[in-house]
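Colleague: With the first letter of the sequence shown counted as 1, position 92 gets the number 243 in the working numbering; the numbers rise by one all the way through.
Glycine included, every Cβ here is placed at the ideal spot set by N, Cα and C.
Only a predicted model underlies this, so the values are computations on that prediction, with no experimental measurement involved.
Please read through the structure below; I'll follow up with questions.
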Amino acid sequence: MGRIILFTGKGGVGKTSVAAAHAVKSAEEGKKTLLVSADMAHNIGDIFETRIGRTPVPLGENLDGLELDPDMLLLQEFPEAAAAVRKLLQGSGAGAADPGDHFLIPGFEDLFSLLKIMQIYRSGEYERILVDCAPAGETLSLLKLPELLSWYMEKFFPVGKTMVRVLAPLSKAKYHVELPDRKAMDEIEEMHLELLRLQELLKDGNISSVRLVCTPEKMVVEETKRSYMFLSLYGYRLDGVFINRVLPEEADNVFFRGWREIQRGYMEELRQVFRGIPVSEIPWYPEEVRGKHAIGRICREILTDPDLFKIRAVSGGEEYTGIPGGYQLCVSLPGALQGQAEVQVHGLDLDIILNNYTRRIPLPNSLRGIRPSEVVLEDGKLRISFPAERGEESPAVREGGQS
Ligand SMILES: Nc1ncnc2c1ncn2[C@@H]1O[C@H](COP(=O)(O)OP(=O)(O)OP(=O)(O)O)[C@@H](O)[C@H]1O
Ligand SMILES: [Mg+2]
Numbered sequence: 152m153g154r155i156i157l158f159t160g161k162g163g164v165g166k167t168s169v170a171a172a173h174a175v176k177s178a179e180e181g182k183k184t185l186l187v188s189a190d191m192a193h194n195i196g197d198i199f200e201t202r203i204g205r206t207p208v209p210l211g212e213n214l215d216g217l218e219l220d221p222d223m224l225l226l227q228e229f230p231e232a233a234a235a236v237r238k239l240l241q242g243s244g245a246g247a248a249d250p251g252d253h254f255l256i257p258g259f260e261d262l263f264s265l266l267k268i269m270q271i272y273r274s275g276e277y278e279r280i281l282v283d284c285a286p287a288g289e290t291l292s293l294l295k296l297p298e299l300l301s302w303y304m305e306k307f308f309p310v311g312k313t314m315v316r317v318l319a320p321l322s323k324a325k326y327h328v329e330l331p332d333r334k335a336m337d338e339i340e341e342m343h344l345e346l347l348r349l350q351e352l353l354k355d356g357n358i359s360s361v362r363l364v365c366t367p368e369k370m371v372v373e374e375t376k377r378s379y380m381f382l383s384l385y386g387y388r389l390d391g392v393f394i395n396r397v398l399p400e401e402a403d404n405v406f407f408r409g410w411r412e413i414q415r416g417y418m419e420e421l422r423q424v425f426r427g428i429p430v431s432e433i434p435w436y437p438e439e440v441r442g443k444h445a446i447g448r449i450c451r452e453i454l455t456d457p458d459l460f461k462i463r464a465v466s467g468g469e470e471y472t473g474i475p476g477g478y479q480l481c482v483s484l485p486g487a488l489q490g491q492a493e494v495q496v497h498g499l500d501l502d503i504i505l506n507n508y509t510r511r512i513p514l515p516n517s518l519r520g521i522r523p524s525e526v527v528l529e530d531g532k533l534r535i536s537f538p539a540e541r542g543e544e545s546p547a548v549r550e551g552g553q554s
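Put into structure tokens, the structure is as follows:
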């Protein structure tokens, strides 16, 4: 079975450096490895001091590099769907008009980079695929996209393919909205299925995991904690944190002593937040991380864990347990504060709403349509209790609320 690791973190913290070092280390172990950049602002070429293109380029023995171009992928792989979705949005004014409708998410095209990664994974050509992702915020919106797309599919195509076909000519004349034709419809359906499969692959805790890169400073630490919370909300597995640019002991004068103290505080905080997950520190080197020598140094000094490429920690995921008089669903939300989460029944599914993020969880048959009796957020765990019997219909339960 292959292995996929996604590297993300705030802009400029060292994602590419850490991903590149993993790639070199992996190739040294004799595993066929691909380092992919899914960040529009590609920079794996810079770090290896070579040009990398839209098809895999050899970077060394057992190691290839690839920089993906999502616009090109969308046009190549799903041309009809791309055109239809654009027309549909232009005609209906969706997205721009309704901010709640999240469809026109910047970076929608970026999702196709991830689809491409799934294709490469399936081809079995590489044992390990290491992905240098866009900064955390964008990557997280990508990871939740398949769920949003499901929402979109329901909203725009509730009547099914056949009806869309019948309505297509009508809608153009009457409503000035161009519905997709049959070919586009087939493609949209296929694209949707592929996105669901992609989500399944990236959530498969035996294959895929996410590693966060950060630096020990306030804003970055806060964003890193948020990322952990949202990765857990969506059920992705985090199995490594890299704290980069740690000032070394040698940096000893009044100025750096103060900074080292500040860094130490944040590193302690990070180690507490990420208890149970391997945390590594990377010193602030006296030079940029550029070229094989600099990458090799990180490999030798930092990436020494013999289990580096294994799935190294268990985090996230939903768990159902039986409780007296019913069931409990427990969702890990590390760092979430009391009062931040809301739970809503949505048809046969359950929505967990945390700040601007909504996670839709399909419920098992036995819990479908049953309203939660209690929602409690405590110690980074959201516990949703369901009675064994169906009660009155009411869609929303606030955290802390009981029926
Ligand atoms: N530990 C370090 N010591 C010194 N320089 C470093 C260290 N880590 C990274 N750098 C340098 O910092 C810059 C940013 O690193 P890198 O490109 O890996 O970050 P990134 O998170 O991928 O950035 P971006 O968000 O722009 O893609 C680079 O010039 C790199 O050489
Ligand atoms: Mg980068």
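DSSP state of residue 474, grouped into three classes?
Modeller: For the purposes of this step, residue 474 is identified with residue 323 of the sequence shown, where counting begins at 1. Correct three-state label for residue 474: strand.
Colleague: Within 10 angstroms of the Cβ of residue 173, are there 16 or more other Cβ atoms? Answer buried if so, exposed if not.
Modeller: Within the sequence shown, residue 173 is the residue found at index 22, counting from 1. Buried, by the Cβ-count rule.
Colleague: Distance check for residue 485 and residue 424, CA to CA, integer angstroms please.
Modeller: Counting from 1 along the sequence shown, the entry for residue 424 is found at position 273. Counting from 1 along the sequence shown, the entry for residue 485 is found at position 334. So the two alpha carbons sit approximately 8 Å from each other.
Colleague: Just how far apart, CA to CA, sit residue 125 and residue 198?
Modeller: The chain is shown from 152 up to 554; residue 125 falls before or after that span and cannot be answered.
Colleague: With which residues is residue 509 paired in a DSSP beta bridge?
Modeller: Along the sequence shown, read from residue 1 onward, the residue named residue 509 stands at position 358. 504, per the DSSP bridge assignment.
Colleague: Is the number of C-beta pairs between the segment 405–422 and the segment 178–189 that are closer than 8 Å three or more?
Modeller: no
Colleague: Does the beta-carbon of residue 451 have 16 or more other beta-carbons within 10 angstroms, so that it is buried, or is it exposed?
Modeller: One-based indexing of the sequence shown puts residue 451 at position 300. By the 10 Å Cβ count, residue 451 comes out exposed.
Colleague: Who does residue 211 pair with in a DSSP beta bridge?
Modeller: Here residue 211 corresponds to residue number 60 of the sequence shown, with the count starting at 1. 214, per the DSSP bridge assignment.
Colleague: Three or more C-beta pairs under 8 Å: does that hold for the segment 334–342 against the segment 445–464?
Modeller: Too few Cβ pairs lie closer than 8 Å, so no.
Colleague: Let me know if residue 270 comes out buried or exposed under the rule of 16 or more other beta-carbons within 10 Å of its beta-carbon.
Modeller: Here residue 270 refers to the residue found at position 119 of the sequence shown. By the neighbour-count definition (other C-beta atoms within 10 Å, threshold 16), residue 270 is an exposed residue.
Colleague: How big is the Cα-Cα spacing for residue 416 and residue 521?
Modeller: Here residue 416 refers to the residue found at position 265 when the sequence shown is read from its first residue. Here residue 521 refers to the residue found at position 370 when the sequence shown is read from its first residue. Going from the Cα of residue 416 to the Cα of residue 521 covers about 45 Å.
Colleague: Nearest to residue 457 by CA position, among 368, 281, 229, 429, is which residue?
Modeller: Stepping through the sequence shown from its first residue, residue 457 is reached at position 306. Closest option to residue 457, Cα to Cα, is 429.
Colleague: Is residue 206 helix, strand or coil by DSSP?
Modeller: Residue mapping note: residue 206 aligns to position 55 of the sequence shown, counting from 1. Coil, per DSSP.
Colleague: Consider the C-beta atom of residue 360 and the heavy atoms of ligand 1; say whether any pair is separated by less than 7 Å.
Modeller: Position 209 of the sequence shown, counting from 1, holds the residue named residue 360. No - ligand 1 has no heavy atom lying nearer than 7 Å to the Cβ of residue 360.
Colleague: With DSSP as the reference, identify every bridge partner of residue 283, one or two as the case may be.
Modeller: The residue you call residue 283 lines up with position 132 of the sequence shown. For residue 283, which the question treats as bridged, DSSP gives the partners 158, 188.
Colleague: Using 8 Å as the limit for Cβ to Cβ distance, is residue 221 near chain D?
Modeller: Looking for chain D here will not work: only one protein chain is present.
Colleague: Please report how far the alpha carbon of residue 496 lies from the alpha carbon of residue 488, in whole angstroms.
Modeller: Mapped onto the sequence shown, residue 496 falls at position 345. Mapped onto the sequence shown, residue 488 falls at position 337. Cα-Cα distance, rounded: 21 Å.
Colleague: When the Cα of residue 463 is compared with those of 294, 217, 388, which residue comes out closest?
Modeller: Mapped onto the sequence shown, residue 463 falls at position 312. When each option's Cα is compared against that of residue 463, the closest is 388.
Colleague: Report buried or exposed for residue 406, applying the criterion of at least 16 other Cβ atoms within 10 angstroms of its Cβ.
Modeller: Taking the first residue of the sequence shown as 1, we reach residue 406 at position 255. Exposed, since its Cβ has fewer than 16 Cβ neighbours within 10 Å.
Colleague: Per DSSP, residue 496 is paired with what?
Modeller: Taking the sequence shown and counting its residues from 1, one reaches residue 496 at position 345. Residue pairing from DSSP places residue 496 in a beta bridge opposite 501.
Colleague: At the level of alpha carbons, what is the spacing between residue 393 and residue 453?
Modeller: As a working note, residue 393 is residue 242 in the sequence shown. As a working note, residue 453 is residue 302 in the sequence shown. Roughly 9 Å separates the two Cα atoms.
Colleague: Where do the N-terminal and C-terminal ends of the beta strand (DSSP E) with residue 220 fall, by residue?
Modeller: For the purposes of this step, residue 220 is taken as residue 69 along the sequence shown, with counting starting at 1. Careful: residue 220 lies outside any beta strand (DSSP E) and carries neither H nor E.
Colleague: Just confirm the distance between the C-beta atoms of residue 187 and residue 217, as a whole number of angstroms; I'd bet it's less than 8 Å.
Modeller: On the sequence shown, position 36 is the one that residue 187 refers to. On the sequence shown, position 66 is the one that residue 217 refers to. With 8 Å as the limit, residue 187 and residue 217 qualify as a contact, their Cβ atoms being about 5 Å apart.
Colleague: Roughly how many angstroms lie between the CA atoms of residue 374 and residue 333, to the nearest whole one?
Modeller: Residue 374 sits at position 223 when you count from the first residue of the sequence shown. Residue 333 sits at position 182 when you count from the first residue of the sequence shown. So the alpha carbons of these two residues sit roughly 43 Å apart.
Colleague: Rounded to whole angstroms, what is the Cα-Cα separation between residue 347 and residue 262?
Modeller: Residue 347 sits at position 196 when you count from the first residue of the sequence shown. Residue 262 sits at position 111 when you count from the first residue of the sequence shown. The alpha-carbon atoms of residue 347 and residue 262 are separated by roughly 12 Å.
Colleague: In the DSSP assignment, what are the bridge partners of residue 446?
Modeller: Taking the sequence shown and counting its residues from 1, one reaches residue 446 at position 295. Answer is none; residue 446 lacks a bridge partner.
Colleague: What is the rounded straight-line gap between the Cα of residue 219 and the Cα of residue 531?
Modeller: Residue 219 sits at position 68 when you count from the first residue of the sequence shown. Residue 531 sits at position 380 when you count from the first residue of the sequence shown. So the two alpha carbons sit approximately 36 Å from each other.
Colleague: Can you give the Cα-Cα distance for residue 418 and residue 397, rounded to whole angstroms?
Modeller: Position 267 of the sequence shown, counting from 1, holds the residue named residue 418. Position 246 of the sequence shown, counting from 1, holds the residue named residue 397. Cα to Cα, the separation comes out at about 9 Å.
Colleague: Whose C-beta lies closer than 7 Å to the C-beta of residue 190 among residues of the same chain, with five residues either side of it excluded?
Modeller: Counting from 1 along the sequence shown, the entry for residue 190 is found at position 39. Excluding residues within five positions, the ones whose Cβ falls inside 7 Å are 283, 284, 285.
Colleague: Determine the burial state of residue 557: buried for a count of at least 16 other Cβ atoms within 10 Å of its Cβ, exposed for fewer.
Modeller: The structure shown does not extend to residue 557, since the chain is modelled only from 152 to 554, so the question has no answer here.
Colleague: Just to check my reading of the structure: residue 572 and residue 364 have Cβ atoms closer than 8 Å, yes? What is that Cβ distance to the nearest angstrom?
Modeller: The first residue shown for the chain is 152 and the last is 554, placing residue 572 beyond what the model contains.
Colleague: Report the CB separation of residue 509 from residue 500 in whole angstroms; it is logged as a contact under 8 Å.
Modeller: In the sequence shown, residue 509 corresponds to position 358, counting from 1. In the sequence shown, residue 500 corresponds to position 349, counting from 1. Between residue 500 and residue 509 the Cβ distance is about 11 Å, and since that is not below 8 Å, they are no contact.
Colleague: Ligand 1 heavy atoms versus the CB of residue 443: any closer than 7 Å?
Modeller: The residue given as residue 443 occupies position 292 in the sequence shown. Residue 443: no, Cβ never under 7 Å from ligand 1.
Colleague: Between 478, 515, 517, 338, which lies nearest to residue 535 when the distance is taken from Cα to Cα?
Modeller: In the sequence shown, counting from the first residue as 1, residue 535 sits at position 384. When only C-alpha atoms are compared, the closest one is 478.
Colleague: Express the C-alpha separation of residue 160 and residue 168 in angstroms, rounding to a whole number.
Modeller: Here the question's residue 168 lines up with position 17 in the sequence shown. Here the question's residue 160 lines up with position 9 in the sequence shown. C-alpha separation (whole angstroms): 12 Å.
Colleague: Label residue 391 either buried or exposed according to how many other C-beta atoms from any shown protein chain fall within 10 Å of its C-beta, with 16 as the threshold for buried.
Modeller: In the sequence shown, the residue the question calls residue 391 occupies position 240. Taking every protein chain shown into account, the CB of residue 391 has 16 or more other CB atoms within 10 angstroms, so this residue is buried.
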